[in-house]
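Chemist:
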Amino acid sequence: MMMAHAPVSYGSRLSARARLSKHGLWPLRHFNPLRVLCLFLRFFFLFFSMLLELMFMFLTLILFFLVLGYFRIFDFVFLVLFRLFQLGELGFFFLVLFGELGFFFLVLFMLFAGFLFFLVHFRLLMFWVLFMILWLFVF
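As structure tokens, this is what we get:
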């Protein structure tokens, strides 16, 4: 006589769950609510950390544009001052020191600071490199 399933007496007082459990067939026997909670918490943590990364990225971009604008104004003020007050070679020295040389060191600082900041945020490193190339071409 061939049996299609494990022998279960139909007159049994066990519930369907108990019968399945007895034969190791209960589908949710490995269900762990804590594990499911951790899954959702991990998803939300990753999602909000990515939002935080984007926020930091745009904040740094805005700050760098503000700094660049400040240096442009600073350079213009020095040009006007040294046109009004003729300081000779000393004036030229200060103009180069605070103007063009300042731009060069600012670019170096931005590259270095951006690289250090995005060592933590690898996903945004390529965006930073593209932004720096764009900045060098535009300004």
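Heads up: take any position in the sequence shown, counting from 1, add 29, and you land on this note's numbering.
We put the CB at the ideal spot given by N, CA and C, even for glycine.
Given the structure is predicted, the values throughout are model-derived calculations rather than measurements.
If residue 90 sits next to residue 133, beta carbons under 8 Å apart, how far is it from one beta carbon to the other, in whole angstroms?
Modeler: Sequence index remark: in the sequence shown, residue 90 carries index 61 (1-based). Sequence index remark: in the sequence shown, residue 133 carries index 104 (1-based). About 20 Å separates the two Cβ atoms, so there is no contact after all.
Chemist: Note down the Cα distance separating residue 69 from residue 75, rounded to an integer number of angstroms.
Modeler: Within the sequence shown, residue 69 is the residue found at index 40, counting from 1. Within the sequence shown, residue 75 is the residue found at index 46, counting from 1. Distance between the alpha carbons of residue 69 and residue 75 is about 10 Å.
Chemist: Please report the distance separating the alpha-carbon of residue 73 from that of residue 86.
Modeler: Looking up residue 73 in the sequence shown gives position 44. Looking up residue 86 in the sequence shown gives position 57. Their backbone Cα atoms lie some 20 Å apart in a straight line.
Chemist: Specify the secondary structure class of residue 58 as computed by DSSP and reduced to three states.
Modeler: Here residue 58 refers to the residue found at position 29 of the sequence shown. If DSSP states are grouped into helix, strand and coil, residue 58 belongs with coil.
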